[in-house]
Each structure stands twice: as structure tokens, then as C-alpha cells.
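What follows is a set of notes on a single structure, which appears directly below.
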Ligand SMILES: Nc1ncnc2c1ncn2[C@@H]1O[C@H](COP(=O)(O)OP(=O)(O)OP(=O)(O)O)[C@@H](O)[C@H]1O
Ligand SMILES: [Mg+2]
């Protein structure tokens, strides 16, 4: 008889994740330290289901604890996965929602903090609201056994300006250990695919001006860096510093 094998996957400031294996079956157990994060993740997945978008499958839940079916694994960032991520986000962002449709999500997750910086610094106001993931990183993009891509880790999700997800993704592409040239190529591919999908929604005309993009990416980068420093994530903080010091944001824009 095969045993049940349990491995700790991550243990962070906000949660612990365990992989549970039995025969060929895999589950992920996520334990939340903060109840708000638990509710955000659960509410976001409910929204995704309502919107008929691909999402992680919840097998069991109770406050602070969720078990997901593990039918996929995080995928490395390459041309194919960047395009898939772009389609995934563009589709999600094209679906209009109203802020008060998810009252439980209205806490202070990462997208709200980035938006607040843009408001304070430049008086920016979003003109469209959508379901925003809020933590677009390569580790959170999963491909299942049928080749279907979806995002996991919805605990920063909220209803916000979709451009926040776009800017987080761009910053994270640069924070990966790839050459500047390669990251730049992936960023441009991501942006082009995203705006191409959304061209009927006229989003690009608002965001494509260089000064705006510069302010957006800087606000996002500074917020992510401040978060990494506060949470003692030294490697990540160093990666964000490199992006800032080497002025990569200016180099991709101009
Ligand atoms: N449904 C799933 N399918 C496949 N892998 C998963 C799934 N859920 C979690 N994992 C694995 O567990 C890891 C951590 O899960 P998750 O992203 O939800 O937590 P986290 O908030 O990123 O943790 P951290 O505190 O480290 O940021 C993922 O990067 C992935 O490797
Ligand atoms: Mg994650």
C-alpha cells in the first residue's frame, strides 16, 4: 500500500503551503495566517467561476485553510507562457465588474496600495474596474495536464484597475534572472498580446503615453520593493533595486 507523502512547499509571512501526494494524486493544502487573505482567495475563485474563467479547484475549505486539487504545476516564463498569461489577463480584465460586487475583497491588498501611490503622486483615477489578481509572478502561473493555463494564489486579489496586473507582470519579468534583452523582449510580447486582445476596449489609448507608463511602472516597482524590504525578502528586494539602479524601466520605454 502506498503512503501519503506530505512536503512543505512554502512557508511565508502570510501562509504555509503543503503538497500532499497519494499514488498519482496530488493536493495542495494552504494554511492562511490572516483571515482576510483567506477570504480574498476564496471570493476571487468564486468570481472566476461566475465569470467562467479557469481557476484552481477547491476540494475543501474552512476559515484559514483550503485544499486545492493539484492537477498542474508552475510553468517557467518563455514565449509561450507569456502569451498565455497575456490572453488570460486580457480576457479577465475585459469583463467589467463593479467595486461593490465583492465587498469582502475591499481590504488593503497590493493592487490598492499601488493605486494609492498613483493617486497620491499623480492624481490618477482608474477609469475601468476589473477582477485583478495582484501578484502576477511566474510561480503563480500553472499549466494543467491538459495544457490549460490558470493563475493560483489569489490572496492579493481585488476589484481594481486592470493596469495594476499589467504593471506587476512587467516588473516581475525584469525581476527574473534573465538578461535585460530577454526580459525586454518578453515584456514587449506581453504588452502587445495584451493590448491586441483588448483593442475593442480602448484601454491602450489611455495607457500608451510614455510619461504615464513610466509613472505606473515606477509606482509599482517602488511598492513591490517597499513590500520586499518590510517582509525581509532580501533577494527580491535586491532584484527590485537592480531594476531601479540600472534604470531598466526607462530603457524599455524610451
Ligand atoms: N493548485 C495548485 N496547483 C499547483 N501548484 C500549486 C497549487 N497551489 C499551490 N501550489 C504550489 O505551491 C506554491 C505556493 O502556493 P501559493 O502560490 O498559493 O502560496 P504563496 O502565497 O505564493 O506562498 P508565499 O508565501 O511563498 O508567497 C506555488 O508556487 C505552487 O508551487
Ligand atoms: Mg504564490
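Residue numbers (the numbering used here): -1 to 252.
For every residue, glycine included, the Cβ atom is placed at its ideal position computed from N, Cα and C.
If distances are taken between C-alpha atoms only, which option among the options comes closest to residue i?
i: residue 155; options: 6, 34, 10, 18; result: 34
i: residue 63; options: 16, 242, 81, 222; result: 16
i: residue 75; options: 152, 235, 232, 134; result: 134
i: residue 253; options: 38, 250, 182, 174; result: Since the first residue shown for the chain is -1 and the last is 252, residue 253 is missing from the structure and cannot be characterised.
i: residue 128; options: 50, 106, 3, 92; result: 92
i: residue 189; options: 2, 6, 77; result: 77
i: residue 22; options: 51, 187, 2; result: 2
i: residue 136; options: 236, 72, 179, 197; result: 72
i: residue 131; options: 110, 48, 250; result: 110
Identify, in the order they occur along the chain, each residue of the same chain with its Cβ nearer than 7 angstroms to the Cβ of residue i, setting aside the five sequence neighbours on each side.
i: residue 192; result: 84, 87, 88, 164
i: residue 161; result: 205, 214
i: residue 217; result: 112, 115, 116, 119
i: residue 25; result: 18, 57, 65, 66, 67, 68
In this structure, how does DSSP classify residue i when only helix, strand and coil are distinguished?
i: residue 128; result: strand
i: residue 158; result: strand
i: residue 21; result: coil
i: residue 27; result: strand
i: residue 1; result: coil
i: residue 14; result: strand
i: residue 142; result: strand
i: residue 67; result: strand
i: residue 135; result: coil
i: residue 240; result: helix
i: residue 72; result: strand
i: residue 9; result: strand
Determine, using beta carbons only, whether residue i and residue j come nearer to each other than 8 angstroms.
i: residue 30; j: residue 42; result: no
i: residue 247; j: residue 222; result: no
i: residue 82; j: residue 147; result: yes
i: residue 80; j: residue 187; result: yes
If I measure Cβ to Cβ from residue i and keep anything under 6 angstroms in the same chain, skipping five residues before and after, which residues do I get?
i: residue 46; result: 53
i: residue 70; result: 140, 141, 142
i: residue 171; result: 181, 184, 185
i: residue 58; result: 65
i: residue 4; result: 16, 18
For residue i and chain D, any beta-carbon pair shorter than 8 angstroms?
i: residue 219; result: Although the question refers to chain D, the structure presented lacks it and comprises just one protein chain.
Subject >> Check your reading: residues with Cβ closer than 6 angstroms to ligand 2 heavy atoms >> reply: Residues with their Cβ less than 6 angstroms from any non-hydrogen atom of ligand 2, running along the chain, are 137, 138, 151.
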